[in-house]
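Undergrad: Taking numbering that gives the first Met the number 0, I'd label the letters of the sequence shown as residues 0 to 280. Positions of the beta carbon are idealized from the N, C-alpha and C atoms, including for glycine. Since the model is a prediction, treat every value here as computed from it, not as a measurement. Got a structure for you, written out below as C-alpha cells; questions coming shortly.
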Amino acid sequence: MDAQAAGGVDAPDAESFGCIDWAAPWFAPFAERGARWQCSALDGPEPFLATLDADACASTCVTGRGLPLRFVTQTQLPVDTAYEAHIAATGRVPTRHNLHDFFNALVWLAFPRLKAGLNARQAQAIERDGVGAVRGAERDALTLFDENAALFVTTDDALTEALVAFDWRRLFVAGRSSWGTRCEVHIVGHALLEKLISPYKACTAHAWIVGAPQAYFGWPEADRRAWLDETTACALAQAAPTSRAFAPLPVLGIPGWCAANADATFYDDTGVFRPGRRAAA
Numbered sequence: 000m001d002a003q004a005a006g007g008v009d010a011p012d013a014e015s016f017g018c019i020d021w022a023a024p025w026f027a028p029f030a031e032r033g034a035r036w037q038c039s040a041l042d043g044p045e046p047f048l049a050t051l052d053a054d055a056c057a058s059t060c061v062t063g064r065g066l067p068l069r070f071v072t073q074t075q076l077p078v079d080t081a082y083e084a085h086i087a088a089t090g091r092v093p094t095r096h097n098l099h100d101f102f103n104a105l106v107w108l109a110f111p112r113l114k115a116g117l118n119a120r121q122a123q124a125i126e127r128d129g130v131g132a133v134r135g136a137e138r139d140a141l142t143l144f145d146e147n148a149a150l151f152v153t154t155d156d157a158l159t160e161a162l163v164a165f166d167w168r169r170l171f172v173a174g175r176s177s178w179g180t181r182c183e184v185h186i187v188g189h190a191l192l193e194k195l196i197s198p199y200k201a202c203t204a205h206a207w208i209v210g211a212p213q214a215y216f217g218w219p220e221a222d223r224r225a226w227l228d229e230t231t232a233c234a235l236a237q238a239a240p241t242s243r244a245f246a247p248l249p250v251l252g253i254p255g256w257c258a259a260n261a262d263a264t265f266y267d268d269t270g271v272f273r274p275g276r277r278a279a280a
C-alpha cells in the first residue's frame, strides 16, 4: 500500500463503481454492506467517505495498535509518513474515492482482526527497518497478503496437498464435490478484488492455507468468517508470513466461479494451470 503515500488525487476509475456485480461469487460475501457503499460512492467522494466512516464508528474494529478504526481523506496522510505506520499510530485509514480503497475498506470491516494483524506487523517492520527504496522480505510478504491474498480453508489435507503440488485436476476436477463441503476460498486481498471487476482466466491469488476443524462447514456463514478472522489474526501475531507461505491459486478455476470450468478441458491451459516447480520435483 506504499503507493498511497504518493498523494491524495483520486484515481481515474472512480466512475467504475457502477461496474460491480454483487452476484459474482467473489463479491457476494461483501454484497450487503458493499451495495450500500456503492450507492454512496456513486453520489461522490463526500457521501462515500461519510458512509464508510459511519460504519467504522458503529463497529468495534481497531487498527494494529488497538485504536478505533476510522476512514479519513487521503489528504490527512502527512507527507513523508508511511501509510501503514500512520494507520497504526492514529487509527485513521487515508482513503481515496476509488475502487482500490473501496475494497480495502470492505475487507477492514469484514475481516477486522486479520487487517489489524497485518497493520501491526507492517508498522513493526517499518519501525525496525525504516522506509527505503526496497521494502524487504517481510514487508513484501505482508503486502502480498494485504493486496492479493485468498484464504484457502479446508478440512482435508489431501486438498491442501493438491494445491501445494499444483495438481489442478485433483483439486478442481476429481475434488470438485469437495468445494463447499471440505474447502472454500475467501478473498481478502483488496487489489485482487479490484482486478475481479473484469475477471480473466489467468487472475491468480496468493493462497494462504488455513486448516479448519471438521465441524467448520456445518457452522453458519457468520460463524465461519469470525473463526477465520480470529484464526488468521492469531497466526499473524505468532509469526510474520514469508513469500513461500503462499500457494498460487487461479481463482477462475474454483468450481462455481466460472461457467466455463464445468468442462474439464478448461484446466488443460498450462499457461494458467501450470505444473509448477514443486509438482515437477
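#1: Closest by CA to Arg95, which one among Gly43, Ala238 and Ala87?
#2: Hey, Phe165 and Ile208: beta-carbon distance below 8 Å or not?
#3: Are the Cβ atoms of Leu51 and Ala88 separated by less than 8 Å?
#4: Kindly indicate if chain C contains any beta-carbon less than 8 Å away from that of Leu192.
#5: Name the two residues that bound the continuous beta strand (DSSP E) containing Leu248.
#6: Tell me the rounded alpha-carbon separation between Arg138 and Trp107.
#7: Does DSSP put Val271 in a helix, a strand or coil?
#8: With DSSP as the reference, please indicate the residues paired to Pro67 in a beta bridge.
#9: What would DSSP say about Thr230, mapped onto helix, strand or coil?
#10: State the DSSP-derived secondary structure class of Trp178, mapped to helix, strand or coil.
#11: Might you give, ordered along the chain, the residues of its own chain that have their beta carbon closer than 8 Å to the beta carbon of Leu162, omitting 5 neighbours on each side?
#12: Since I believe Thr159 is in contact with Tyr215 (beta carbons under 8 Å), could you give me their beta-carbon distance rounded to a whole number of angstroms?
#13: So, is Cys182 buried or exposed, given that buried needs 16 or more other C-beta atoms within 10 angstroms?
#14: Here's the rule I'm using: 16 or more other beta-carbon atoms within 10 Å means buried, otherwise exposed. How should Gly65 be labelled?
#15: Where does Gly17 land, buried or exposed, given buried means 16+ other C-beta within 10 angstroms?
#16: In chain order, which continuous runs of the alpha helix (DSSP H) of length 4 or greater are located wholly inside the stretch 11 to 60?
#17: Looking only at its own chain, which residues have a Cβ that is under 6 Å from the Cβ of Ala30, when we skip the five neighbours before and after it?
#18: Quick check: Arg112 and Ala232, are their CB atoms within less than 8 Å of each other?
#19: Note down the Cα distance separating Ala109 from Val78, rounded to an integer number of angstroms.
#20: For Tyr199, is the classification buried or exposed, using 16 other Cβ atoms within 10 angstroms of its Cβ as the cut-off for buried?
#21: So what does DSSP say about Phe151, is it helix, strand or coil?
TA: On the basis of the coordinates in this document:
#1: For Arg95, the closest of Gly43, Ala238 and Ala87 by C-alpha to C-alpha distance is Gly43.
#2: no
#3: No, the Cβ-Cβ distance between Leu51 and Ala88 is not below 8 Å.
#4: No chain C is present in this structure, which holds just one protein chain.
#5: Ala246 to Pro249
#6: Going by C-alpha positions, Arg138 is about 19 Å away from Trp107.
#7: coil
#8: DSSP output for Pro67 lists Val61 as bridge partner(s).
#9: helix
#10: strand
#11: Phe151, Leu170, Ala206, Ile208, Ala246 and Leu248
#12: Not a contact, Cβ separation roughly 14 Å.
#13: If you draw a 10 Å sphere on the C-beta of Cys182, you find 16 or more other C-beta atoms in it, and that means buried.
#14: Classification of Gly65: exposed, given that the 10 Å Cβ count is below 16.
#15: exposed
#16: 30 to 42 and 44 to 57
#17: Trp21
#18: At a Cβ-Cβ threshold of 8 Å, Arg112 and Ala232 count as neighbours.
#19: Rounded to whole angstroms, the separation of the alpha carbons of Val78 and Ala109 is 29 Å.
#20: The Cβ neighbour count for Tyr199, taken over all protein chains shown within 10 Å, is under 16; the residue is labelled exposed.
#21: strand
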